[in-house]
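*Asks:* Numbering (this note's numbering), first residue to last: 26 to 273. What follows is a structure written as structure tokens; I'll ask about it next.
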């Protein structure tokens, strides 16, 4: 592997020193960028691992780039950037869309004979071999997407009512929805790394039962952990989750 390059636009280190013995990669949910995990990165300074947020195109510092609506295209672009950073022990954490990206990246790494994470943490996303239980949001009108965001929660009303903000936000959100709603699972051998599935007990989007079948994706240990809260429970329970995520 080549020398690690943390200056890639794919990664956010939040201006924090990168001196840990291990790395924790966090993959964002639909519509979000790496800044969603900024409080996590600051808190992670109290641990011995470096926190790296994954930054897909189309948002924040990559706003001028076209968002990617195809998972295979995203993985092909991310793989050469992340490969040099796998020279330390690492774990993957992904919430919602980020869980799917992290999972399929693990399978891509395995095919390439590259290191796999010590642990894969998937949060708020159905097991990949299960059908999508929700409507296909990427096919809705802009107003239809906004109405669903309002129903799901997690997006402030002041944002939903700001036409200029939504004009920037909706193309990214639509592409992100398309990325996971058009995904088609291909059977492969279970991953050799342990998987932990995290869910909110009041999540109306991905019910905890939808998470149980992640167990089929690992040949190692599986655990399902429930937290109080809705689909965005992860922010309320940041400290408890970070304690769990720390690499060995």
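No residue lacks a Cβ here, since even glycine has one placed at the ideal position from N, Cα and C. Please read all numbers here as calculations on a predicted model, not as lab measurements.
For residue 257, which residues of its own chain have a beta-carbon under 6 Å away from its beta-carbon, when the five flanking residues on both sides are left out?
*Replies:* Once the five neighbours on either side are set aside, the close Cβ partners of residue 257 are 179.
*Asks:* For residue 197, name the three-state secondary structure that DSSP assigns.
*Replies:* Helix.
*Asks:* Please specify which runs of the alpha helix (DSSP H), each continuous and at least 4 residues long, are wholly inside the stretch 81-140, giving them in chain order.
*Replies:* Here the runs fully enclosed are 96-107, 122-136.
*Asks:* Taking only three categories from DSSP, how would you classify residue 257?
*Replies:* Correct three-state label for residue 257: coil.
*Asks:* Quick check on residue 228: does DSSP put it in helix, strand or coil?
*Replies:* Here residue 228 sits in coil by DSSP.
*Asks:* What's the call for residue 227, buried or exposed, on a 16-neighbour Cβ count within 10 Å?
*Replies:* That one is exposed.
*Asks:* Please classify residue 193 as buried or exposed, where buried requires at least 16 neighbouring CB atoms within 10 angstroms.
*Replies:* Under this definition residue 193 is an exposed residue.
*Asks:* Going by C-alpha to C-alpha distance, which of 138, 119, 203 sits closest to residue 160?
*Replies:* Comparing Cα positions, the closest option is 203.
*Asks:* To the nearest angstrom, how far is the alpha carbon of residue 85 from that of residue 222?
*Replies:* Rounded to the nearest angstrom, the two C-alpha atoms are 28 Å apart.
*Asks:* Between 156, 171, 181, which lies nearest to residue 207 when the distance is taken from Cα to Cα?
*Replies:* Closest option to residue 207, Cα to Cα, is 156.
*Asks:* Does at least one heavy atom of the ligand FMN sit under 6 Å from the Cβ of residue 77?
*Replies:* Ligands are entirely absent from the displayed structure, and the ligand FMN is therefore not among its contents.
*Asks:* Under the DSSP definition of a beta bridge, which residues are partnered with residue 222?
*Replies:* According to DSSP, residue 222 bridges with 147, 249.
*Asks:* Hey, how far is the Cα of residue 71 from the Cα of residue 147?
*Replies:* Taking the straight line joining both Cα atoms gives about 23 Å.
*Asks:* Using the Cα positions of residue 46 and residue 234, report the straight-line distance between them to the nearest angstrom.
*Replies:* Distance between the alpha carbons of residue 46 and residue 234 is about 35 Å.
*Asks:* For residue 74, name the three-state secondary structure that DSSP assigns.
*Replies:* Reduced to three states, the DSSP call for residue 74 is strand.
*Asks:* Quick one: grab the DSSP three-state call for residue 174.
*Replies:* In the structure shown, residue 174 sits in a helix (DSSP, three-state: H, G or I).
*Asks:* Could you check what DSSP says for residue 209 in three-state terms: helix, strand or coil?
*Replies:* Coil, per DSSP.
*Asks:* Between the stretch 107-124 and the stretch 46-63, can you find at least three pairs of beta-carbon atoms closer than 8 Å?
*Replies:* Output reads yes: the stretch 107-124 touches the stretch 46-63.
*Asks:* Using a threshold of 7 Å, state whether the C-beta atoms of residue 121 and residue 150 are closer than that.
*Replies:* Yes.
*Asks:* Tell me which same chain residues have a C-beta within less than 6 Å of the C-beta of residue 117, skipping the five on either side of it?
*Replies:* Correct list, in chain order: 50, 127, 142, 145.
*Asks:* Where do the N-terminal and C-terminal ends of the beta strand (DSSP E) with residue 41 fall, by residue?
*Replies:* Where residue 41 is concerned, there is no enclosing beta strand (DSSP E), given that its DSSP letter is neither H nor E.
*Asks:* Would you mind sorting residue 209 into buried or exposed? The rule is 16 or more other CB atoms within 10 Å of its CB.
*Replies:* So residue 209 counts as exposed.
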